[in-house]
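Take a look at the structure below.
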Amino acid sequence: MSQRAAVLKTVSLRKVYRTGSLDVPAIQGIDIEIKEGEFVSIMGPSGCGKTTLLQILGGLSRPTSGQVFIDGVDLATVSDAERTKLRCKKIGFVFQRFNLLPTLTVQGNIEIARQIFGGPPVTREEVGDLLEIVHLRHKLDYKPLELSVGEQQRVAIARALVNNPSMILADEPTGNLDSRNSDQVLRLLCDLNREKNQTIVMITHNPEAAEMGNRVIEMLDGQVRSHGTVAELVEEPEQARSRAR
Amino acid sequence: MGRLGAPSGPIGTLFIMANLPLANIFNRKTRTSVGIMAVALGVALVLVMVGLANGTLGESADRIAQAGADIMFQAPDSSPFIAINSGLIKTQYADRLLEHPDVTAAAPVLTNRVTRVKDKQKFVMVFGVEEASYNAAGAGIQIVEGRGLDAPQALVVDTVLASADNVAVGDSLTIMNKEFLVSGICKAGAGARMYVRIEDMQAAGNQQGDASFFFLKVREGASVATVAADLETQFEGFKITALEFFKEAMTEEALGLKEFTSALSIFAALISYLVILLAMYTTIIERTREIGILKALGASKSYIIRLVMAESFLICIMGVLAGFAASIIGRVALLAAFPTLSVELLPRWFLLSAALGIVGGSLGALYPAYRAAKLDPVEALNFE
Numbered sequence: 060m061s062q063r064a065a066v067l068k069t070v071s072l073r074k075v076y077r078t079g080s081l082d083v084p085a086i087q088g089i090d091i092e093i094k095e096g097e098f099v100s101i102m103g104p105s106g107c108g109k110t111t112l113l114q115i116l117g118g119l120s121r122p123t124s125g126q127v128f129i130d131g132v133d134l135a136t137v138s139d140a141e142r143t144k145l146r147c148k149k150i151g152f153v154f155q156r157f158n159l160l161p162t163l164t165v166q167g168n169i170e171i172a173r174q175i176f177g178g179p180p181v182t183r184e185e186v187g188d189l190l191e192i193v194h195l196r197h198k199l200d201y202k203p204l205e206l207s208v209g210e211q212q213r214v215a216i217a218r219a220l221v222n223n224p225s226m227i228l229a230d231e232p233t234g235n236l237d238s239r240n241s242d243q244v245l246r247l248l249c250d251l252n253r254e255k256n257q258t259i260v261m262i263t264h265n266p267e268a269a270e271m272g273n274r275v276i277e278m279l280d281g282q283v284r285s286h287g288t289v290a291e292l293v294e295e296p297e298q299a300r301s302r303a304r
Numbered sequence: 009m010g011r012l013g014a015p016s017g018p019i020g021t022l023f024i025m026a027n028l029p030l031a032n033i034f035n036r037k038t039r040t041s042v043g044i045m046a047v048a049l050g051v052a053l054v055l056v057m058v059g060l061a062n063g064t065l066g067e068s069a070d071r072i073a074q075a076g077a078d079i080m081f082q083a084p085d086s087s088p089f090i091a092i093n094s095g096l097i098k099t100q101y102a103d104r105l106l107e108h109p110d111v112t113a114a115a116p117v118l119t120n121r122v123t124r125v126k127d128k129q130k131f132v133m134v135f136g137v138e139e140a141s142y143n144a145a146g147a148g149i150q151i152v153e154g155r156g157l158d159a160p161q162a163l164v165v166d167t168v169l170a171s172a173d174n175v176a177v178g179d180s181l182t183i184m185n186k187e188f189l190v191s192g193i194c195k196a197g198a199g200a201r202m203y204v205r206i207e208d209m210q211a212a213g214n215q216q217g218d219a220s221f222f223f224l225k226v227r228e229g230a231s232v233a234t235v236a237a238d239l240e241t242q243f244e245g246f247k248i249t250a251l252e253f254f255k256e257a258m259t260e261e262a263l264g265l266k267e268f269t270s271a272l273s274i275f276a277a278l279i280s281y282l283v284i285l286l287a288m289y290t291t292i293i294e295r296t297r298e299i300g301i302l303k304a305l306g307a308s309k310s311y312i313i314r315l316v317m318a319e320s321f322l323i324c325i326m327g328v329l330a331g332f333a334a335s336i337i338g339r340v341a342l343l344a345a346f347p348t349l350s351v352e353l354l355p356r357w358f359l360l361s362a363a364l365g366i367v368g369g370s371l372g373a374l375y376p377a378y379r380a381a382k383l384d385p386v387e388a389l390n391f392e
């Protein structure tokens, strides 16, 4: 794994939110490296900065200081438009609240992601093939609100895949799902990682979900507390913590 | 093609581009309806009001042109609006006008207005004429029922007025404070809607020997322009208009008409601008999260602007079409209720009112589109 290229990298990353006259630090100096084909789970209590970190990694938010590299490109050195283009090309997002457009059908939701990307229009067959991966080919013409929450999340994953991104950033993708749907979504992410070598970065509260990944990053108060496999975090917590320092 | 799904090929690309704006339009029916109605109101307002102004003006001008004379001869500083009676001229001028070798007929016409017919409010033009010279100078009074102006206090009305107000031969009507007897019904479309003998009108208005203008007939084969130029030299300062150009002269001298149409146009564009601004601004606030999703998917600022503009453009187009339909229906309804009115829906005003609706609406969508494009994706995604 060490010989693989780093697709995501942060150096001394900081993010401070200003609330009125108060500065609230969300990220306090994070240095991480995620290599191509890795499945990394980010864990930690609520408010520890996981989502902020994911948003910065995905170029949705700018850090207060520090650097973020996507495939070697320093996001601080590119324009807003280039950053948007890079995000569109390299990253597929999956959100806890699915974030499907309610007025469009499943097909429309997938098509629009391709339209924004700017590639050739995706055909109905291609959309059907993508939905086959998430076992929803038969729901092509449904509106999001006509689907179960598990199905909505699977559509969101299919949408994230339409532009064939090299990495998927998932913010608690199973947070709103029951155990059966959670298993399905996690299996799907694992398959994508194993079979398509897609880099996955997933935020989760669930240790069992985190175990699906090759590596876990544990966060606390805007910093990386420890990292390693789930077994390492449980069996050798001190070593895992020292690796983070 | 599924429900709002795209067909393949280039049509598919266009379809996908319009997919979200179309879906938003059909999913926000109240907002869409209000937007469409506002644009339609502006368009219909311009078309019908300008149509009424132009129609009334055009109809008067057309009637004069249809009278069949070649030249109108008026006193100096007279208005082409013959209902104004702005300058009177003595009927004796007929002899001098007939001295021109190419003028074959000179018909003095005194004009007046009638504001009430059979207790109904109207605005009807009446010509006081010498029937013989009037018939010689142009198409004349074409009687379709009854007789012409063959007796004192005789009155001829045209078919439109007769039908609208149930006027029949033998009826007695009070006009210009005098009792007149309907002696005949004439063909509509030329000259005035009512005719009386010029001496009766002069007596009614204490205008003995006066005329509002002369209709002149030019000898066949002679040049109307040359005769008009000769008369201009001979009668310096008098107003001499070749009737071929009468409509243009009338439109040019229509005081306040241009200002009226400009004010209406600005008003219509303002309605479209303000309503679309409000509708799209509310929509953007309502759909902040949706915009956040699009931004998270990689949508650029220009993509978001195009999306909002496309949506407002579609609303404006539908509003313009609804406005066209409302104007056409409005015209039919107006003419059914008031047959003597004239509403002229000109093609160029269709184009202009459409442009006003679309430009006004598009300008109204610009600011909301800019606001949407400026939204921070993270804040937008967290918007409840």
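The listed protein sequences correspond, in order, to chains R and E.
Under the numbering used here, think of the first position of the first sequence as 60, with each following residue one higher.
Under the numbering used here, think of the first position of the second sequence as 9, with each following residue one higher.
Note that beta-carbon positions come from the ideal geometry of N, C-alpha and C, so glycine has one too.
Being a predicted model, the structure only gives us computed values, none of them experimental.
Taking 9 Å as the CB-CB limit, is residue i close to chain E?
i: R:Ser238; result: no
i: R:Met60; result: Below a pLDDT of 50, predicted positions are generally treated as unreliable, and R:Met60, at 46, falls in that range; the measurement from the model is reported next regardless. So no, R:Met60 is outside the interface.
i: R:Glu170; result: yes
i: R:Ile175; result: yes
i: R:Phe154; result: yes
i: R:Gln114; result: yes
i: R:Ala229; result: no
i: R:Gln298; result: no
i: R:Ser120; result: yes
i: R:Arg63; result: no
i: R:Thr143; result: yes
i: R:Arg218; result: yes
Please classify residue i: is it buried, with 16 or more other beta-carbons within 10 angstroms of its beta-carbon, or exposed?
i: E:Asp218; result: buried
i: R:Leu160; result: buried
i: R:Tyr76; result: exposed
i: E:Leu55; result: buried
i: E:Ile274; result: exposed
i: E:Glu35; result: Per the sequence shown, the amino acid found at residue 35 of chain E is Asn instead of Glu. E:Asn35 is exposed by the Cβ-count criterion.
i: E:Glu392; result: exposed
i: R:Val66; result: buried
i: R:Ser207; result: exposed
i: R:Thr136; result: exposed
i: E:Asp103; result: exposed
i: E:Val152; result: exposed
i: R:Asp230; result: buried
i: R:Gly272; result: buried
Based on Cα-Cα distance, which residue from the options lies nearest to residue i?
i: E:Met133; options: E:Gly156, E:Leu163, E:Leu359; result: E:Leu163
i: E:Gly148; options: E:Gly76, E:Ile325, E:Gly63, E:Lys247; result: E:Gly76
i: R:Ala64; options: R:Ala135, R:Gly117, R:Met226, R:Gln114; result: R:Met226
i: R:Gly234; options: R:Arg156, R:Ile150, R:Glu295, R:Val275; result: R:Arg156
i: E:Phe223; options: E:Ile325, E:Phe81, E:Ala212, E:Glu352; result: E:Phe81
i: E:Arg474; options: E:Ser86, E:Tyr203, E:Glu298; result: In this structure chain E extends from 9 to 392, so residue 474 of chain E is not present and cannot be described.
i: E:Lys382; options: E:Ile284, E:Lys309, E:Lys186, E:Gly327; result: E:Lys309
i: R:Ala126; options: R:Glu92, R:Lys149, R:Val153, R:Phe98; result: Note that residue 126 of chain R corresponds to Gln in the displayed sequence, not to Ala. Of the listed residues, the one whose Cα sits closest to R:Gln126 is R:Glu92.
i: E:Ser86; options: E:Ala114, E:Gly331, E:Gly95; result: E:Gly95
Within the 9 Å Cβ cut-off, does residue i reach chain R?
i: E:Glu294; result: no
i: E:Glu298; result: yes
i: E:Ser350; result: no
i: E:Pro376; result: no
i: E:Pro347; result: no
i: E:Ile323; result: no
i: E:Gly306; result: yes
i: E:Ala31; result: yes
Closer than 8 Å: is that where the CB of residue i sits relative to any heavy atom of the ligand MN?
i: R:Lys149; result: Within the structure as shown, the ligand MN is missing, as the structure has no ligands at all.
Stretch pair the segment 356-368 of chain E + the segment 34-52 of chain E: three plus CB contacts closer than 8 Å: Of all C-beta pairs linking the segment 356-368 of chain E to the segment 34-52 of chain E, three or more are shorter than 8 Å, placing the two stretches in contact.
Three CB pairs or more closer than 8 Å across the segment 164-178 of chain E and the segment 106-119 of chain E: Contact annotation: the segment 164-178 of chain E does not touch the segment 106-119 of chain E, with fewer than three C-beta pairs closer than 8 Å.
Runs of beta strand (DSSP E) wholly within the segment 78-121 of chain R (minimum 3 residues, chain order): Counting only runs of 3 or more, we get 81-89, 92-94, 98-102.
Runs of beta strand (DSSP E) lying entirely within the segment 140-185 of chain R, each at least 3 residues, in chain order: Taking only runs of at least 3 residues, the beta strand (DSSP E) segments lying wholly in the segment 140-185 of chain R are 150-153.
Cβ contact check for the segment 60-71 of chain E and the segment 296-315 of chain E: 3 or more pairs under 8 Å: The answer is no - the segment 296-315 of chain E does not touch the segment 60-71 of chain E, with fewer than three Cβ pairs under 8 Å.
Three CB pairs or more closer than 8 Å across the segment 32-47 of chain E and the segment 339-355 of chain E: The segment 32-47 of chain E vs the segment 339-355 of chain E: no contact.
Complete runs of the beta strand (DSSP E) confined to the segment 201-267 of chain R [at least 3 residues]: Runs found: 226-230, 258-262.
Contact between the segment 242-249 of chain R and the segment 184-191 of chain R (3+ Cβ pairs under 8 Å): The answer is no - the segment 184-191 of chain R does not touch the segment 242-249 of chain R, with fewer than three Cβ pairs under 8 Å.
Touching by the beta-carbon criterion (3+ pairs, under 8 Å), the segment 98-111 of chain R and the segment 287-300 of chain E: These segments do not touch.
Cβ contact (3+ pairs, closer than 8 Å) linking the segment 256-272 of chain E and the segment 104-114 of chain E: Too few Cβ pairs lie closer than 8 Å, so no.
Complete alpha helix (DSSP H) runs within the segment 133-176 of chain E (minimum length 4 residues, chain order): Complete alpha helix (DSSP H) runs here, min 4: 139-145, 167-172.
Touch test, the segment 111-119 of chain R against the segment 291-300 of chain R, Cβ-Cβ under 8 Å, three pairs minimum: Between the segment 111-119 of chain R and the segment 291-300 of chain R, the count of C-beta pairs closer than 8 Å stays below three; the two stretches do not touch.
Beta strand (DSSP E) segments (min. 3 residues) lying fully within the segment 35-95 of chain E: Counting whole runs of 3 or more residues, the segment 35-95 of chain E contains the beta strand (DSSP E) stretches 79-82.
Three or more C-beta pairs below 8 Å linking the segment 260-275 of chain R and the segment 95-105 of chain R: Touching, yes, given that three or more Cβ pairs across the two stretches are closer than 8 Å.
Three-pair Cβ contact test at 8 Å for the segment 38-48 of chain E versus the segment 326-340 of chain E: With three or more CB-CB distances shorter than 8 Å, the segment 38-48 of chain E counts as touching the segment 326-340 of chain E.
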